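Worksheet: one structure, shown below.
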Ligand SMILES: Cc1cc2nc3c(=O)[nH]c(=O)nc-3n(C[C@H](O)[C@H](O)[C@H](O)COP(=O)(O)O)c2cc1C
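Numbering (the numbering used here), first residue to last: 38 to 239.
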């Protein structure tokens with residue numbers, strides 16, 4: 038017998054995936070510009086995003102995609118919703134909110150769309166799954182060479198935005214994932230002391 042350990046996975050791909058995950062950071066939307074992903078890339082990202090753990094295969098999410106002119110058109114709904122909630126908003130702020138989706142070439146709303154399940158997958162688990170979709174979408178876009186940031190902001194919680202997007206009463210917005218080209222690598226941020234988060238049960 039010798040001491041050679043068999044590697045089950047390719048060391049090269051193993052190393053690059055580990056490194057990608059170890060150094061992953063979100064990209065700031067304010068640093069995003071064109072170009073955005075092509076149709077084919079977008080489809081690929083949405084397929085990867087949808088490859089998530091999902092208790093009882095309920096697919097409790099869906100996507101609403103904003104790109105090109107639709108980002109500008111939706112801005113009118115954002116403006117009206119913002120003004121309803123903030124009657125004394127400054128003109129500058131209203132313009133900023135109206136142009137929110139123009140910050141990146143592609144904005145994808147990930148909708149939590151819980152399913153009634155006779156065997157009872159809790160709604161909480163279905164919501165978690167839609168969060169995984171947001172995260173996987175960010176990873177897919179970044180692995181594809183784009184910047185990505187998962188934001189909610191006020192518009193993920195506004196009833197007028199929900200109705201403009203055609204959400205039904207059981208649905209919610211898990212996040213808006215902004216995707217675009219970034220030219221600057223993000224700075225590292227403070228990370229948790231992971232050891233302090235671990236309890237070894239005895
Ligand atoms: C559910 C969720 C909602 C978020 N919403 C916002 C937001 O509205 N505004 C914001 O500045 N960051 C928001 N973030 C944080 C960023 O997406 C990102 O995680 C953070 O800027 C940096 O973390 P990272 O580089 O480790 O990904 C949100 C994150 C999550 C998970």
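Virtual Cβ for every residue (Gly too), placed ideally from N, Cα, C. All figures in this text were calculated on a predicted structure; none of them were measured in a lab.
Residue i, enclosing beta strand (DSSP E) - first and last residue
i, result
"residue 214", "209-219"
Rounded Cβ spacing between residue i and residue j (contact assumed at less than 8 Å)
i, j, result
"residue 158", "residue 89", "With a Cβ gap of about 14 Å, residue 158 and residue 89 do not count as contacting."
"residue 172", "residue 217", "Not confirmed; about 18 Å, so no contact."
"residue 63", "residue 224", "Rounded, the Cβ-Cβ distance is 11 Å, inconsistent with contact."
"residue 135", "residue 105", "Between residue 105 and residue 135 the Cβ distance is about 17 Å, and since that is not below 8 Å, they are no contact."
For residue i, the first and last residue of its enclosing alpha helix (DSSP H)
i, result
"residue 193", "Looking at the DSSP string, residue 193 is not in any alpha helix (DSSP H), and its letter there is neither H nor E."
"residue 225", "It is not in any alpha helix (DSSP H) - residue 225 carries neither H nor E in the DSSP assignment."
Beta-carbon gap between residue i and residue j smaller than 9 Å
i, j, result
"residue 100", "residue 115", "no"
"residue 210", "residue 144", "no"
"residue 98", "residue 107", "no"
"residue 188", "residue 66", "yes"
"residue 212", "residue 193", "yes"
"residue 85", "residue 141", "no"
"residue 220", "residue 75", "no"
Residues that DSSP places opposite residue i in a beta bridge
i, result
"residue 143", "104, 216"
"residue 182", "Beta-bridge pairing links residue 182 to no other residue."
"residue 149", "98, 209"
"residue 187", "214"
Closer than 8 Å: residue i CB and nearest ligand 3 heavy atom
i, result
"residue 190", "Of the ligands one can find in the structure shown, namely ligand 1, none is ligand 3."
- [ ] Pick out the complete alpha helix (DSSP H) segments inside the stretch 100-140, 4 residues or longer, and give them in chain order.
- [x] 106-122, 128-135
Report task. Please list the segments of the beta strand (DSSP E) lying wholly inside the stretch 59-104, counting only runs of 3 or more residues, in order along the chain. Result -> 98-104
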